[in-house]
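Now the structure itself:
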């Protein structure tokens, strides 16, 4: 999960409040899934866009295993990423 661009402020707030940044609503964030042979071109294009200041390649698509989505932890293990339960809360202005 360290490869996922989450600001230090958000990462710290989530740690303090006991939230997983992957399980809360993130305005202005998207995930693009592109063919392997287009991944570098997509990343290069996103780096040129002023609306995507921190694009990052965060993973690869592989044959499905026991869980639909897993992430590698900071210490090298893996953990499943569960589908969020309930509805995500939008930002209230």
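In this note's numbering, the protein residues as written are 5 to 97. Every residue, glycine too, gets a C-beta built ideally from N, C-alpha and C.
For residue j and residue i, believed in contact at Cβ under 8 Å, the rounded distance
{"i": "residue 8", "j": "residue 79", "result": "Rounded, the Cβ-Cβ distance is 16 Å, inconsistent with contact."}
{"i": "residue 74", "j": "residue 65", "result": "Between residue 65 and residue 74 the Cβ distance is about 12 Å, and since that is not below 8 Å, they are no contact."}
{"i": "residue 77", "j": "residue 83", "result": "6 Å"}
Contact under 8 Å by Cβ, residue i with residue j
{"i": "residue 51", "j": "residue 39", "result": "no"}
{"i": "residue 174", "j": "residue 49", "result": "Residue 174 is absent from the structure shown; the chain starts at 5 and stops at 97."}
{"i": "residue 24", "j": "residue 18", "result": "yes"}
{"i": "residue 27", "j": "residue 72", "result": "no"}
Bridge-paired residues (DSSP) for residue i
{"i": "residue 76", "result": "82"}
Segment limits, alpha helix (DSSP H) that includes residue i
{"i": "residue 44", "result": "43–52"}
{"i": "residue 20", "result": "12–21"}
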